[in-house]
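Novice: Structure in structure tokens, see below.
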Amino acid sequence: MQVEVVKSKIHRVKVTGADLNYIGSITIDEDLMDAANIIRGEKVQIVNNNNGERLETYAIPGPRGSGELTLNGAAARKVAVGDVLILITYAWMDIEEAKTFNPALVFPNEENNLLQ
């Protein structure tokens with residue numbers, strides 16, 4: 003049997019941009035992606051603490067050390083610059099592996115989205 007479990011979480015990051023005219027995705031500072039073990043193109047669930055919106059898109063890397071967190075395409079309508087988000091990825095694994103698996107939990111600086 004397999005179960006879907008939290009693989010990683012970036013907790014309380016601020017939206018730095020919303021680009022409606024970009025094709026789609028979420029741009030995430032590559033340092034944050036590495037810390038959370040998120041790869042280019044991976045599906046990401048986005049939870050907006052400011053308005054309750056939940057959506058899914060895919061990750062693309064932004065410049066390292068920039069703190070960038072930009073929602074692109076239609077997702078840009080679901081956020082405002084400055085909104086606080088939680089980003090979550092999931093993975094399927096055997097139930098026995100899931101019992102001992104530890105997700106990557108990242109708590110960046112809430113003012114600038116940089117790793118502490």
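Taking my numbering, I'd label the letters of the sequence shown as residues 3 to 118.
Cβ coordinates follow ideal geometry from the N, Cα and C atoms, glycine included.
Closer than 7 Å by C-beta to G84: which residues in its own chain qualify, once you throw out the five before and the five after it? Chain order, please.
Specialist: The answer, listed in chain order, is K16 and V17.
Novice: With DSSP run on the structure shown, which of helix, strand or coil describes L117?
Specialist: Coil.
Novice: Could you tell me how far apart the beta carbons of G64 and I90 are, in whole angstroms, since I believe they sit closer than 8 Å?
Specialist: Actually they are not in contact, since the Cβ atoms of G64 and I90 sit about 18 Å apart, beyond 8 Å.
Novice: From the DSSP output, in three-state form, read off G69 for me.
Specialist: G69 falls in the coil class under three-state DSSP.
Novice: Starting from E58 and walking both ways along the alpha helix (DSSP H), at which residues does that stretch end?
Specialist: First-last for E58: R56 to G64, but that is the beta strand (DSSP E), not the alpha helix (DSSP H).
Novice: M3 by DSSP, collapsed to three states: which one?
Specialist: Here M3 sits in coil by DSSP.
Novice: Leaving out the 5 sequence neighbours to the left and right, which residues in its chain are closer than 6 Å to M3 when beta-carbon positions are compared?
Specialist: Same-chain partners within the cutoff: I97.
Novice: So A106 packs on A20, CB below 8 Å; how close in whole Å?
Specialist: In fact, because the Cβ distance is near 26 Å, the residues do not count as touching under 8 Å.
Novice: Going by the beta-carbon positions, is the gap between E186 and Q47 smaller than 9 Å?
Specialist: Here the chain comprises residues numbered 3 to 118, so residue 186 is not present and cannot be evaluated.
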